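Asker: Supplied in structure tokens, the structure appears directly below.
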Amino acid sequence: MEENKKFDVNSLIGFVLIGLILFWMLYMNQDEESATKQTTTEQVEEAKPEASTTNTTTNAATQTSVEPAELQNDSIARIIAQQQLGAFAYAEMAASNKDGVTEISNDVLRLKISNRGGQIIEAEVLNYETYNGKPIYLIKDGNANFSIDLHTKDGKKLATKDLYFEPKLTQEGEDQVLQMKLKATEQNYLAFEYRLKPNDYMMDFNIRSRGLNQILNTAEEPLLTWQIKAYRFAKSISYENQYSEIIFKYDDTSDYTNQREQTEEEEKNIDWVAFRQHFFSSILLADSPFSRGKFISENLVQDEQVDTVFTKNYKAELPLQLEAGEFTKGMNMYYGPTDIKILEIYERDLDMAVPLGWGIFGWINKYLFIPFFGFLSGVLPSYGLAIIIMTIVVRIVLSPVTYKSYLSQAKMKVLRPEIDELNKKYKDNAMKKQQETMKLYSKTGVSPLSGCIPALLQIPVFYALFRFFPSAFDLRQKGFLWADDLSSYDVIFEWDTYIPLISWVYGNHVSLFPILASVAIFFYMRMTTGQNMQQMQQPGMPNMKVIMYISPLVMLVFFNNYASGLSLYYFVSNLITIGIMLVIKKVIIDEDKILAKIEMNKKKPKKKGKFARKMQQIMEQAEEQKRKNQK
């Protein structure tokens, strides 16, 4: 107890020293404030123009209204900015209008660029509307970010999206030019330059730096990050989402992100990257390729029954190369329709962003169907009529192939009794049955493959058209009969109540065009499979009767949320095919003549080809081996 009551001399000395330090700091702070106030007053006096007394009084009043506390807060803000931003603290403190926005526009595009980040915060594609009549905004309400990561020599990592740019808008001829500068000093800066031309969805976008070699760490590449959450524009969420993805061109080819929940792709030598939202796209192009690129797509549609705002979350990461501590990058930005007629104008292979199909399918669409449909839609009063006429022409052109296929089926039908006889005779010897069947085909000149080959020849055309209609921008919001939009599903009845399984698989509406197409497909399959139904019912072969009933049902469900233009095409196509086959059956093909010709072929000596001889030899060897094994 006595020990605790003793007087501590060391503590007294400590308190006295702390008090002296505090008094000294207060005294120095008052001197700094006085000096700052005096300097500021002198600067204001020197900067006063020789104008009226009223202006002078106003300036003096404004100056004397500044309190010492405000000057102190300003000093503190400068210190904090210097600590956080380092060399770019100048831009933070010099920004006169941090929340300022500059608008540039033409007849087709309206853009808003923010002082914060120098980036586009609003991109509206004019003259178009969403399915519910709202404007088309590719960028709005913070759904996008465009930023460059900068590494400074003092160890700081800064993102341009968080820094303040100084705008300067000028008019050069008919072009609007907006220069955004991020300043380290008046002479050292990073600049974004936007140049918008009249009536153009594409604008020039250039990045350049000056004097940043003294500031930036050259060991670290600046990384450009571009991110957009894609808004929903169409009535069918699932359909729009299926055709929304990232496409990028590299080394004279293109690739895309798939439809998984989240996918990531990386490539080198990137020429451009497109964030496609089905019928609208945001595209970033480079004058010289980016050395590499990383692309991430995240699916945001978890429940198609929910009124979803966004479909996908897109992100691209592209490095910018430093040269002697500086960087310059010439680029372009495109915000507009995913319309091949517009994209081809720029001669940058942007038509790759349109999902026309790969290889021969894309070639057929690009050089045949798109020009032909463009011609028809230009001379006919309705896009629906253009689809019908194009379908009729396609079916007429393919009618010789249809004839070959049907003729093969007719020959197989005539030959059916003899094949049945062989099946009964050699029912316990599959190898022998196959040998005798091949001999019969060889003697009669009938080939079971002759019906398959014509069908295979039609596949490129059918698949090309399957890719064409969902990609045809011209069909968007064009009506026909009861369908108000040929690029989306038609509705004759709908309901709001969620019905388990039915709503998930089929949807909450009934579309008439898929029903008509399914009925037409049923009758078409009944005609084609009925010719040789019995032939196909062999072990290991699919049950064609089951397929005949299941296929139309699958189409009915599958196409209920698809574009009504595609269903209209399938309906008309199958109706025409049925008509052509009826003509072939009733008018062109005579089964008695076919039978007579087959009988004549039997009597003629038939020389086997090299392939047929080899096949027979293999089958005979297999038969011989089977007999040895049985012994």
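For the record, in the sequence shown the residue sitting at position 580 is 580 according to the UniProt record's numbering, with numbers rising by one throughout. Every residue, glycine too, gets a C-beta built ideally from N, C-alpha and C. Please read these numbers as outputs of a predicted model, since none were measured by experiment.
Is it true that the CB of Val101 sits closer than 8 Å to the CB of Lys112?
Answerer: Closer than 8 Å, so yes.
Asker: State buried or exposed for Ala191, treating a residue as buried only when at least 16 other CB atoms are found within 10 Å of its CB.
Answerer: So Ala191 ends up on the buried side.
Asker: Grouping DSSP H, G and I as helix and E and B as strand, with all else coil, what is Val379?
Answerer: If DSSP states are grouped into helix, strand and coil, Val379 belongs with the helices.
Asker: Find the nearest neighbour of Tyr335 within the set Thr391, Arg292 and Ser282, judged by alpha-carbon distance.
Answerer: The option with the nearest alpha carbon to Tyr335 is Ser282.
Asker: What are the partner residues of Met203, as DSSP defines its beta bridges?
Answerer: Met203 is bridged to Leu196 and Met333.
Asker: Tell me where the beta strand (DSSP E) around Trp358 begins and ends.
Answerer: Unbroken run through Trp358: none, as it is neither H nor E.
Asker: Under 8 Å Cβ to Cβ from Val309, same chain only, skipping five residues before and after it: list those, please.
Answerer: Same-chain partners within the cutoff: Tyr231 and Arg232.
Asker: Confirm, please, whether the CB-CB distance from Gly117 to Leu150 is below 8 Å.
Answerer: No, the Cβ-Cβ distance between Leu150 and Gly117 is not below 8 Å.
Asker: Measure the beta-carbon distance from Asn115 to Lys140 and round it to whole angstroms, keeping in mind my assumption that it falls under 8 Å.
Answerer: Incorrect: roughly 18 Å between the Cβ atoms, too far for contact.
Asker: Can you tell me whether DSSP reads Gly374 as helix, strand or coil?
Answerer: Note: Gly374 maps to helix in three-state DSSP.
Asker: Going by the DSSP bridge assignment, what does Asp149 pair with across the sheet?
Answerer: Per DSSP, Ala159 and Leu223.
Asker: Of the residues Thr170, Ala184, Lys585 and Leu368, which one's Cα is nearest the Cα of Thr160?
Answerer: It is Ala184 whose Cα lies nearest to the Cα of Thr160.
Asker: Let me know the secondary structure DSSP gives Asn313 once reduced to three states.
Answerer: Of the three classes helix, strand and coil, the one that applies to Asn313 here is strand, per DSSP.
Asker: List the endpoints of the continuous alpha helix (DSSP H) containing Thr577.
Answerer: Looking at the DSSP string, the run of the alpha helix (DSSP H) that includes Thr577 is Ser564 to Val583.
Asker: Shortest alpha-carbon distance to Pro319 belongs to which of Leu224, Thr257, Arg276 and Val519?
Answerer: Checking every option, the nearest Cα to that of Pro319 belongs to Leu224.
Asker: Apply the 10 Å Cβ neighbour rule to Asn532 and answer buried if 16 or more other Cβ atoms are within range, or exposed otherwise.
Answerer: Unreliable placement is indicated for Asn532, whose pLDDT of 48 sits below 50; no coordinate value is reported for it.
Asker: Measuring only the C-alpha atoms, how far is Phe480 from Gly362?
Answerer: If I take the Cα positions, the gap works out to 27 Å.
Asker: At which residues does the alpha helix (DSSP H) containing Asn241 begin and terminate?
Answerer: Segment Ile237 to Gln242, the alpha helix (DSSP H) holding Asn241.
Asker: Measure the CB-CB distance between Phe513 and Asp496 and report whether it falls below 8 Å.
Answerer: No. Outside cutoff.
Asker: Over what stretch of residues does the beta strand (DSSP E) that includes Ile139 continue unbroken?
Answerer: First-last of the beta strand (DSSP E) with Ile139: Pro135 to Ile139.
Asker: In the DSSP assignment, find the unbroken alpha helix (DSSP H) run with Ile342 in it and report its ends.
Answerer: Start and end: Ile340 to Leu343.
Asker: Mapping the DSSP letters down to three states, classify residue 690 as helix, strand or coil.
Answerer: The structure shown does not extend to residue 690, since the chain is modelled only from 1 to 631, so the question has no answer here.
Asker: Using CA coordinates, which residue listed in Ile502, Tyr569 and Lys294 is at the minimum distance from Gly384?
Answerer: Ranking Ile502, Tyr569 and Lys294 by Cα distance to Gly384 puts Tyr569 first.
Asker: Is it the case that the Cβ atoms of Leu516 and Phe571 are separated by a distance below 8 Å?
Answerer: A contact, by the Cβ cut-off of 8 Å.
Asker: Give me whichever residues DSSP pairs with Phe468 in a beta bridge.
Answerer: Phe468 pairs with nothing; no bridge assigned.
Asker: For Arg260, count neighbouring Cβ atoms within 10 angstroms of its own Cβ and tell me buried if that reaches 16, exposed if not.
Answerer: It counts as exposed.
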